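Asks:
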Amino acid sequence: MEIIETDVAIIGGGPAGCTCALYTSRSNLNTVIIDKNPSVGALAITHQIANYPGVPVDISGEKLLTLMREQAVQYGTDYRRAQVFGIDVAEDWKTVYTPEGTFKAKALVLASGAMGRPASFKGEADFLGKGVSYCATCDGAFYKNREVAVVGANKEAIEEATVLTKFASTVHWITSSDPKSDNEEAMELMHSSNIKHWSRTRLLEIKGNDMGVNGVVVKNKQEEGPINLDLDGVFVYMSGSKPITDFLGDQIALKEDGGVIVDDFMSTNSDGVWAIGDIRNTPFKQAVVAASDGCIAAMSIDRYLNSRKNIRVDWIHS
Ligand SMILES: Cc1cc2nc3c(=O)[nH]c(=O)nc-3n(C[C@H](O)[C@H](O)[C@H](O)COP(=O)(O)OP(=O)(O)OC[C@H]3O[C@@H](n4cnc5c(N)ncnc54)[C@H](O)[C@@H]3O)c2cc1C
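So for the sequence shown, our numbering puts the first residue at 590; every next one is plus one.
1) At a cut-off of 7 Å, would you count Ala886 as near ligand 1, judging by its Cβ distance to the nearest heavy atom?
2) Could you check how far apart the C-beta atoms of Leu717 and Ala708 are, in whole angstroms? I think they sit under 8 Å.
3) In the DSSP assignment, the beta strand (DSSP E) including Val685 goes from what residue to what residue?
4) So Ala661 and Ala610 are supposed to be a Cβ contact under 8 Å. How far apart are they, rounded?
5) Run through the DSSP bridge pairs and tell me what Leu697 is partnered with.
6) Check the C-beta distance from Gly603 over to Gly702 and give it rounded, since I have them as a contact under 8 Å.
7) Touching or not, the stretch 855-866 and the stretch 731-748, by the rule of three or more beta carbon pairs under 8 Å?
8) Secondary structure at Asp624, three-state DSSP: helix, strand or coil?
9) Verify the contact flag: Gln672, CB atom, against every heavy atom of ligand 1, threshold strictly below 7 Å.
10) Indicate, with yes or no, if ligand 1 has a heavy atom lying under 7 Å from the CB of Thr635.
11) Can you find a heavy atom of ligand 1 that lies under 7 Å from the Cβ of Tyr612?
12) In this structure, does DSSP put Ala708 in helix, strand or coil?
13) If you reduce the DSSP assignment to three classes, tell me which class Tyr612 lands in.
14) Measuring only from the beta carbon, is Tyr668 closer than 7 Å to any heavy atom that is part of ligand 1?
15) With a threshold of 16 other CB atoms inside 10 Å of the CB of Ser896, please say whether the residue is buried or exposed.
16) If I measure Cβ to Cβ from Thr759 and keep anything under 7 Å in the same chain, skipping five residues before and after, which residues do I get?
As structure tokens, then:
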């Protein structure tokens, strides 16, 4: 497994993470953004963004985010797609675990946003890690030649179901509405030989025993009663509005509302770890606020890593 050492590791490539990376890269700090998926964060799914200062009013959130990411990369940021499933912040070097590799950083920035959701299906919390997963690239290989379900119709669900078709014998794709016919990725997925699409179907319950998940109960709109499906794994991809902190364990202090606690410099309770953007559960969740957090954290990191007393400005272009 690859081990990547860097000055700054940023978890999340939304406006918070990209802005932080822009500033740290411009401060000559080696910077890696580790991003689950550039299409599923809050800004990425925003159809139109008319209130980000200085950009055309008809720009989509995805386009604005692409510009932010490209600007950071232009200044040297290493952008990598990977889903973080754990961190270890006990030592001076902070460790970030992903299925694609392990990252070691002198400064760690948490910027994974607030598009998470509490486990809300019956049985979901009980079997989390015992057959319920949110990451096909992390857990897909455990389901070689076994049956699994993917719940959700968003871009992430489609991509993850596609990953699972390479391992599972059958992937039951459960969606409450039909994907649009111009959605090429969804159409391609539906043509996979081992996909069974359950259209207009809701997940009612995830069932299992001491060994883990052994089935689900679903309700199809056209069928009278519930349907039982025997399978070994359930991958849930539904959007919500809760800070994404599941990969932190108990290592970082959170507020009662689930947001990460920070000081004026975006530093968390753990030395060498910052948190920016919607993961703080800010009262005003806006792209410009997330970007501002990213700038503050980056300048604070520059001071921390270079042991400066004062914060250096970023407007001298030499
Ligand atoms: C529908 C909608 C419309 C909006 N409209 C506006 C608007 O018009 N104007 C405005 O200013 N704001 C708007 N917002 C709010 C704005 O989009 C957010 O405040 C902003 O995007 C937050 O930035 P962020 O970087 O903190 O999080 P996000 O933009 O959510 O980015 C988080 C990133 O982290 C990644 N990630 C998550 N978990 C992991 C993990 N485990 N490992 C690695 N990466 C991970 C995600 O893939 C994502 O790329 C809107 C939000 C929504 C949901």
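Every residue gets a Cβ at the ideal spot worked out from N, C-alpha and C, and that includes glycine.
Fair warning: this is a prediction, and the values are worked out from it, not measured in the lab.
Replies: With the given structure in hand:
1) Not under cutoff, so the answer is no.
2) 6 Å
3) 683-687 is the extent of the beta strand (DSSP E) around Val685.
4) 4 Å
5) Ala598, Val862
6) 5 Å
7) no
8) strand
9) Distances between the C-beta of Gln672 and the heavy atoms of ligand 1 include at least one below 7 Å.
10) yes
11) For Tyr612, the shortest separation between its Cβ and any heavy atom of ligand 1 does not lie below 7 Å.
12) coil
13) Tyr612: helix per DSSP, three-state reduction.
14) no
15) exposed
16) Glu736, Asn783, Lys785
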